[in-house]
Amino acid sequence: MAMSGPPSSRRGRGRAPMADINVTPLVDVMLVLLIIFMVTAPLLVTGVPVKLPETRAKGLDQDAKPTIVSIDRDGGIFVDDDQVSDADLPDRLAEIVSANAGKDEPPQIFLRADTALDYGRVMRVMGELNRAGLNRVSLVSTGQGDGPDSDGSE
């Protein structure tokens with residue numbers, strides 16, 4: 081049985097073009113994309129609306145001066161440089177919100193807390209910020225190597 085060579089134009093026979101589309105590679109790519117989205121989607125959802133700054137990052141360009149809320153080692157709360165009691169904190173935060181009422185987004189808040197503080201104390205202050213509608217909160221930290229223990233010793 082001899083194999084025939086390419087069709088001859090003399091005989092008038094030619095092969096019809098193949099009209100089938102191979103969808104297997106398309107299905108493979110779509111399944112891989114589906115798996116990637118299924119794995120990454122839960123990572124995009126966070127429970128606390130807080131914008132955390134990166135360490136070793138450069139300073140942010142800002143149009144307006146942010147409000148700085150600080151909690152010292154003893155648990156005292158300071159809004160900018162003024163000390164505020166726990167009872168007066170909601171009223172002071174309401175003043176900040178009302179001062180920025182005409183703007184399209186809430187003001188930026190920088191939260192600074194001493195490392196010796198209880199986590200619950202910091203979270204109570206963050207809860208008050210959230211309750212007041214101040215949800216653009218950045219936690220301020222020092223970059224790696226900036227602190228007194230930067231030599232790596234413990």
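Taken in order, the sequence shown gives residues 81 to 234; the numbers are from my numbering.
Glycine included, every Cβ here is placed at the ideal spot set by N, Cα and C.
Bounds of the beta strand (DSSP E) holding residue 162 are 162-164.
Under the 8 angstroms Cβ criterion, the segment 176-185 counts as touching the segment 199-218, having at least three qualifying pairs. Where residue 211 is concerned, the enclosing alpha helix (DSSP H) starts and stops at 199-211.
Judged by DSSP secondary structure, residue 167 falls outside any beta strand (DSSP E); it is assigned neither H nor E. Taken through DSSP and simplified to helix, strand or coil, residue 221 comes out as coil. Straight-line spacing of the CA atoms in residue 184 and residue 112 works out to 40 angstroms. Taking residue 191 as the centre and dropping the five residues before and after it, the same chain places the C-beta of 149, 217 and 219 closer than 6 angstroms to its C-beta, in chain order. The beta carbons of residue 187 and residue 146 sit closer together than 9 angstroms. Apart from sequence neighbours up to five positions away, the residues of its chain that approach residue 160 with a beta-carbon distance below 7 angstroms are 147 and 148, ordered along the chain. Just so you know, the alpha carbons of residue 119 and residue 206 end up roughly 30 angstroms apart. Residue environment: residue 96 is assigned as exposed (fewer than 16 neighbouring CB atoms within 10 Å of its CB, all protein chains considered).
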